[in-house]
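I have placed the structure first, in the form of structure tokens, so that the comments after it can refer back to it.
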Amino acid sequence: MVNFIQQEIDNDLKAGKYTDGIHTRFPPEPNGYLHIGHAKSVCLNFGLALHNGGLCNLRFDDTNPTKEDVEFVDSIQEDIRWLGFDWGDRKFFASDYFGKFYDFAVELIKRGLAYVDDLTAEEIRAYRGTLTEPGKESPYRNRSVEENLDLFTRMKAGEFPDGSKVLRAKIDMSSPNINMRDPVIYRITRATHHHTGDDWLIYPMYDFAHPLEDAIENITHSVCTLEFEDHRPFYDWLLDALGFDPNTRPRQIEFARLDLTNTITSKRKLRQLVEENHVRGWDDPRMPTLCGLRRRGFTPAAIRDFCERIGVAKSNSLVDISMLEHCVREDLNVNAERVMAVLDPIKVVLTNVDENAVEYLTAENHPTRGGSRFVPFTREIFIEREDFMEDAPKKFFRLKPDGEVRLKHAYIIKCNEVIKNSDGEVTELHCTIDPTSKSGGATANRKIKGTIHWVSAKFAIPAEVRLYDYLLTTDENGNLPEDFIAALNPNSLIVKHALIEPSVRWTAAGTHYQFLRLGYFVVDPDTTADKLVFNRVVDLKSSFKVTVKADVERVIVKSR
Ligand code: ATP
Ligand code: MG
Numbered sequence: 000m001v002n003f004i005q006q007e008i009d010n011d012l013k014a015g016k017y018t019d020g021i022h023t024r025f026p027p028e029p030n031g032y033l034h035i036g037h038a039k040s041v042c043l044n045f046g047l048a049l050h051n052g053g054l055c056n057l058r059f060d061d062t063n064p065t066k067e068d069v070e071f072v073d074s075i076q077e078d079i080r081w082l083g084f085d086w087g088d089r090k091f092f093a094s095d096y097f098g099k100f101y102d103f104a105v106e107l108i109k110r111g112l113a114y115v116d117d118l119t120a121e122e123i124r125a126y127r128g129t130l131t132e133p134g135k136e137s138p139y140r141n142r143s144v145e146e147n148l149d150l151f152t153r154m155k156a157g158e159f160p161d162g163s164k165v166l167r168a169k170i171d172m173s174s175p176n177i178n179m180r181d182p183v184i185y186r187i188t189r190a191t192h193h194h195t196g197d198d199w200l201i202y203p204m205y206d207f208a209h210p211l212e213d214a215i216e217n218i219t220h221s222v223c224t225l226e227f228e229d230h231r232p233f234y235d236w237l238l239d240a241l242g243f244d245p246n247t248r249p250r251q252i253e254f255a256r257l258d259l260t261n262t263i264t265s266k267r268k269l270r271q272l273v274e275e276n277h278v279r280g281w282d283d284p285r286m287p288t289l290c291g292l293r294r295r296g297f298t299p300a301a302i303r304d305f306c307e308r309i310g311v312a313k314s315n316s317l318v319d320i321s322m323l324e325h326c327v328r329e330d331l332n333v334n335a336e337r338v339m340a341v342l343d344p345i346k347v348v349l350t351n352v353d354e355n356a357v358e359y360l361t362a363e364n365h366p367t368r369g370g371s372r373f374v375p376f377t378r379e380i381f382i383e384r385e386d387f388m389e390d391a392p393k394k395f396f397r398l399k400p401d402g403e404v405r406l407k408h409a410y411i412i413k414c415n416e417v418i419k420n421s422d423g424e425v426t427e428l429h430c431t432i433d434p435t436s437k438s439g440g441a442t443a444n445r446k447i448k449g450t451i452h453w454v455s456a457k458f459a460i461p462a463e464v465r466l467y468d469y470l471l472t473t474d475e476n477g478n479l480p481e482d483f484i485a486a487l488n489p490n491s492l493i494v495k496h497a498l499i500e501p502s503v504r505w506t507a508a509g510t511h512y513q514f515l516r517l518g519y520f521v522v523d524p525d526t527t528a529d530k531l532v533f534n535r536v537v538d539l540k541s542s543f544k545v546t547v548k549a550d551v552e553r554v555i556v557k558s559r
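As numbered in this note's numbering, the sequence shown has no gaps in its residue numbers, which increase by one up to the final residue, 559.
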């Protein structure tokens, strides 16, 4: 692992800091399911720990009582394990530290570095100033330590209504960094917390809680996304103010969040998609959640590979989703067995094959890993409708009237007759096989341009195959419009009633296949004893190129 964060770690170690080892954390707020953006953070934090022989904690950052839920606590653990990482016995809840946070706040008050403020939220905002104007000090700023201690104790005891008082750090109202203008660190909120119930009436603000969580857990490198860069001075101020040793206390390092074309990576928006039923749930295969990607058939190895390849940058970038798909393809190309399925069937009668005959042909399962199975061949088969063309151009090397094509693993066939209904639609093709042309057979010496897939009409299994397109359409730069609901793609799910060769009948949900010539597919958990359901993971095409737009300082990985 070579990235700028590792370089910072190397520098720290060289400077004699963090002699007890490197310790990172992944700190999700349990208010939604993890998505592909979180995967980058998971891979980075656990990856840094692994690379440096250190540790990585899982910490639920559950300091906000109103939006969080145990459902999410469970799913987050499942998803991190699925990605391939383990936090051992280091699963923590920030809410377990509420008592410690309170003590640290009291300590700040005692050191004259925090005060209780009676200004309303609106007044606090007005007093804060702007980027160009300094802020104004609150009239309550110079309360005595005794008075502040008394008021803060009574805030905790529930003597004051919600929002009537806050605790603020006492730093500098004219700091050029607005985050340093006496930030609020505690507020009064009468809300039931999913972990601590009604124990607390005051809750710490994120900027106050997070550095303390890191310090309590002996984290060395607190990796977070770029929007927290302006918060770092307060992170440092707080830990210094409380007397943590600069050689061992955590430091914050920011990296660019992952943004993907055609993809939402905001938990709030993902929740809206679920709650307004635009998708079938958090694990809908069109969702960028890890449970959605899992159901879609994306593999943990491919996602880890993707996170490694996109790297870690200091400026925001937009990555083309085709790069993630490319990683999935590479993994499945090696690991998925090949079978034949027909998504849009048209019947072919092989007039020189006996009605009751069944020939079991040998078909290889994988071009490099080998293995084989039997595929039944019968008089009636189905081929893909688009593999036949009546008025075919010269370069059409599939089936056409009087033309020949090879059936994969089987014979060369010739189309002799095209049967149509009264509307003129082709309903059936009558063909003959060349018995000397059997694949791998002793007499199969004839070369032919086209090879198509097929299934036996008698033995094929019906299956529901779900084809996905992007949930959202974007502009040519890959950006989503402000109103993302308006950008929902009405064709993001297309259901096909397909026919599949019988070898797949008893496979479990989560099993991957390449359907020859069609793409990679996975068995969906909706599959029952009576009904097979597949999701298309990705198609077979695989091409992307990298372009860098220097003017906007972001990397765009564009598909061709
Ligand atoms: P929201 O989506 O509600 O804004 P969040 O993405 O910040 O919230 P958290 O639960 O706080 O959600 O995230 C946990 C960790 O994952 C944080 O350290 C955060 O920086 C990181 N993370 C979240 N989104 C991304 C992303 N798109 N790319 C990289 N890291 C991310
Ligand atoms: Mg967050």
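Just so it is clear, CB atoms sit at the ideal spot from N, CA and C, and this is done for glycine as well.
Span of the alpha helix (DSSP H), counted from its first residue to its last, around residue i
i    : result
S74  : 69-82
N10  : 3-13
P133 : Looking at the DSSP string, P133 is not in any alpha helix (DSSP H), and its letter there is neither H nor E.
D239 : 231-240
I35  : 35-50
N334 : 320-334
V144 : 144-155
E106 : 97-109
K90  : That residue, K90, is in no alpha helix (DSSP H); its beta strand (DSSP E) goes 90-92.
Straight-line gap, residue i to residue j (C-alpha atoms, nearest Å)
i    : j    : result
S438 : Y410 : 6 Å
N178 : H209 : 15 Å
R250 : L49  : 19 Å
F395 : S221 : 59 Å
L317 : V1   : 21 Å
D353 : I432 : 11 Å
N478 : L470 : 13 Å
Q566 : T473 : The question about residue 566 has no answer here: the residues shown for the chain are numbered 0 through 559.
E228 : D235 : 12 Å
R445 : L360 : 19 Å
R553 : D319 : Any reading at R553 needs caution, since the residue's pLDDT is 40, under 50, leaving its predicted position unreliable; the model's value is listed next. So the two alpha carbons sit approximately 12 Å from each other.
V72  : V311 : 27 Å
D149 : F84  : 46 Å
I484 : T350 : 53 Å
Expected contact under 8 Å - CB spacing of residue i and residue j to nearest Å
i    : j    : result
F151 : I108 : 6 Å
G134 : S173 : 7 Å
I412 : R384 : Going by Cβ atoms, the distance from I412 to R384 rounds to 16 Å, so no, they are not a contact pair.
I187 : M204 : No, I187 and M204 are not in contact; Cβ-Cβ is about 12 Å, not under 8 Å.
H34  : T288 : 5 Å
Y17  : T247 : 7 Å
I499 : A462 : 5 Å
F207 : L237 : 7 Å
V532 : K495 : Wrong, their Cβ atoms sit about 11 Å apart, outside the cutoff.
I382 : I451 : 6 Å
Enclosing beta strand (DSSP E) for residue i [first to last residue]
i    : result
E475 : That residue, E475, is in no beta strand (DSSP E); it is neither H nor E in DSSP.
Y114 : 113-116
D258 : 257-259
S455 : 453-455
E212 : Counting along the chain, E212 falls outside any beta strand (DSSP E), though it belongs to the alpha helix (DSSP H) covering 205-215.
A58  : The residue you asked about is not Ala; residue 58 is Arg in the sequence shown. Note, R58: beta strand (DSSP E), 54-59.
Reference residue i, options the options, closest by Cα
i    : options                : result
N355 : I382, H365, F376, M339 : F376
L323 : V333, L259, G509, G370 : L259
T426 : V347, V1, Y359, A456   : V347
F45  : V69, D19, Q6, W86      : W86
L406 : K419, A391, E379       : E379
A120 : E106, A113, R256, S137 : S137
P366 : P245, A462, T129, V338 : V338
R295 : L466, E122, I79, F514  : L466
P489 : S436, H277, I451       : H277
E307 : L43, N420, A340        : L43
F103 : R256, D88, E212        : E212
K419 : A528, E389, E403, H194 : E389
F458 : A340, P480, K399       : A340
G509 : V357, D171, G291, F381 : G291
G196 : N63, F207, N176, M286  : N63
G370 : E358, L398, A335       : A335
G98  : D525, D198, P160, I302 : D198
A168 : P175, A240, Y202, T224 : A240
N534 : A528, P524, D149       : P524
D78  : T131, F381, G52, W281  : W281
L487 : D343, T262, I201       : T262
Beta carbon proximity, residue i to chain B, threshold 8 Å
i   : result
Q76 : Checking the listed chains, one finds no chain B in this structure; it contains a single protein chain.
> Of all residues in the structure, which have a C-beta closer than 5 Å to any heavy atom of the ligand ATP, taken in chain order?
Replying inline: With 5 Å as the limit, the residues whose C-beta approaches a heavy atom of the ligand ATP more closely than that are P27, E28, G36, H37, K39, S40, C223, T224, R256, L257, T264, S265, K266, in chain order.
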